[in-house]
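Each position in the sequence shown, counted from 1, maps to that position plus 1436 in my numbering.
Below is one structure; the comments refer to it alone.
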Amino acid sequence: MSAMRIGSQTLKFPKPPSIIESASVVGKKEGLGPLKHTFDFISDDSYFGEKSWEKAESNMLKQCFSLACDKGKLSPSTLDMIFSGDLLNQCTGSAYALRDTDVPYFGLYGACSTMSESLCLAAMAIDGGCARTAAALTSSHFCSAERQFRFPLEYGSIRAPTAQWTVTGAGAVILGADGAGPYITHATMGKIVDAGIVDASNMGEAMAPAAHDTLSAHFADTGRAPHYYDAIVTGDLGVLGQDIVRDLFMDDGVELGPRYMDCGVLVYDIEAQDVHAGGSGC
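Now the structure itself:
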């Protein structure tokens, strides 16, 4: 039996796909942050042995995928599908990282939602019987993202107080139809919510309304309240966006409490590492 649609935006998987293994690879700055003990590999070389930032990001993702497969004692060739994306033009980081795998590949561009998007689509493919095993991957690199979206490092631009620091890191998750868990039991798909924010240096305020909308839909669709969960985690709203989400729920009469946290706040020591409004990424 394939996924059931419940409510307006949520899928419930009757036979939840299992997370078989995962891996993470990050740069030196991330390795100095509060989450340093949770990463599988921390590189001291921002270039990851390459000659450009874009090639560095691709090599980082390739290492991460290989590490996830090694940890799960899987050969990449046994995967049925790979869902991967990054922040580069035409998803070149993912494409070059995975070109030798000989596995069907879906290139995704969800910007800050790419990890969640890849997990959602991989889970849908497995639950729907289209795959037995699938990989969900993403990456971002501070230096390639600065060149892509803001200003090249050589320009020496001044960062706004609301700006966030793009994480140099990659994540890979292997999902399977069988396994001991943890499982992906539900997936709530977000909608575009445009609050009219035009400041490119203020991503937290721009993204917070969509995060609030998606979480609200999840609670309504599942009939669950925030206290059902041990943790409610958003991706990269940063300090400002996290506070806005809390305020929006308070306006709804809902208290998220300490269970709500944002990875953009967790990944760096906000004060000691001078990342302004926190971290961002894929």
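Note that the Cβ used here is the ideal one computed from N, Cα and C, for glycine as well.
On the three-state DSSP scale, how would you describe Leu1702? helix
Based on the DSSP secondary-structure assignment, which residues constitute the bridge partners of Met1440? Paired residues: Lys1448.
Measuring straight from C-alpha to C-alpha, what distance separates Glu1490 and Leu1524? 8 angstroms
Reduced DSSP category for Glu1766 - H, G, I as helix; E, B as strand; rest coil: Outside the shown range of the chain (1437 to 1718) lies residue 1766, about which nothing can therefore be said.
Backbone CA spacing between Asp1481 and His1473 [nearest angstrom]: Straight through space, the alpha carbons of His1473 and Asp1481 are spaced by roughly 18 angstroms.
Simplified DSSP assignment, three categories, for His1622: His1622: strand per DSSP, three-state reduction.
In chain order, which beta strand (DSSP E) runs of at least 3 residues are fully inside the region 1501 to 1566? 1517 to 1521 and 1541 to 1544
Counting only the same chain and skipping the five closest in sequence on each side, list residues whose C-beta sits under 6 angstroms from that of Tyr1766. A question about residue 1766 goes unanswered here, because the residues of the chain that appear run from 1437 up to 1718.
Quick check on Ser1511: buried or exposed, where buried means 16 or more other Cβ atoms within 10 Å of its Cβ? exposed
Quick one: grab the DSSP three-state call for Ser1494. helix
Comparing alpha-carbon positions, which option in Ile1594, Thr1650 and Glu1707 lies nearest Gly1469? Glu1707
DSSP three-state assignment for Gly1607, whether helix, strand or coil: strand
Assign Gln1499 to one of two classes, buried (16 or more other C-beta atoms within 10 Å of its C-beta) or exposed (fewer than that). buried
Taking 8 angstroms as the cut-off, decide whether the C-beta atoms of Ala1558 and Ala1547 are in contact. no
Can you tell which of Ser1575, Lys1487 and Ile1478 has its C-alpha closest to the C-alpha of Phe1519? Ser1575
Our contact map puts Asp1522 next to Leu1497 with C-beta atoms below 8 angstroms; I'd like the distance itself, whole angstroms only. The pair is a contact, with the Cβ atoms about 7 angstroms apart (cut-off 8 angstroms).
Grouping DSSP H, G and I as helix and E and B as strand, with all else coil, what is Tyr1665? Tyr1665: coil per DSSP, three-state reduction.
Where Val1634 sits in the DSSP three-state scheme: coil
Where DSSP assigns a beta bridge to Ser1716, which residues make up the other side? Thr1602
To the nearest angstrom, how far is the alpha carbon of Asp1635 from that of Ile1594? One Cα belongs to Asp1635, the other to Ile1594, and the distance between them is close to 15 angstroms.
If I follow the unbroken beta strand (DSSP E) through Ser1593, where does it start and stop? Here Ser1593 belongs to no beta strand (DSSP E), and DSSP marks it neither H nor E.
Measuring CA to CA, which of Arg1535, Gly1632 and Gly1693 is closest to Asp1666? Relative to Asp1666, the option among Arg1535, Gly1632 and Gly1693 whose CA is nearest is Gly1693.
What's the gap between the Cα of Phe1484 and the Cα of Arg1441? 43 angstroms
Between Ala1492 and Asp1688, what straight-line distance do the alpha-carbon atoms span, to the nearest angstrom? 44 angstroms
Would you mind working out which of Ala1646, Met1639 and Gln1445 sits nearest Gly1717, comparing C-alpha positions? Met1639
To the nearest angstrom, how far is the alpha carbon of Ser1494 from that of Ile1610? 19 angstroms
The alpha helix (DSSP H) spanning Thr1658 covers which residue range? Met1639 to Thr1658
Can you confirm whether the region 1653 to 1670 touches the region 1442 to 1451 when touching is taken to mean that 3 or more C-beta pairs between the two stretches lie within less than 8 angstroms? yes
When the Cα atoms are used, what is the spatial distance from Arg1535 to Leu1573? Rounded to the nearest whole angstrom, the C-alpha separation of Arg1535 and Leu1573 is 14 angstroms.
Are Glu1457 and Ala1504 touching if we call contact CB-CB under 8 angstroms? Result yes, Cβ atoms of Glu1457 and Ala1504 sit closer than 8 angstroms.
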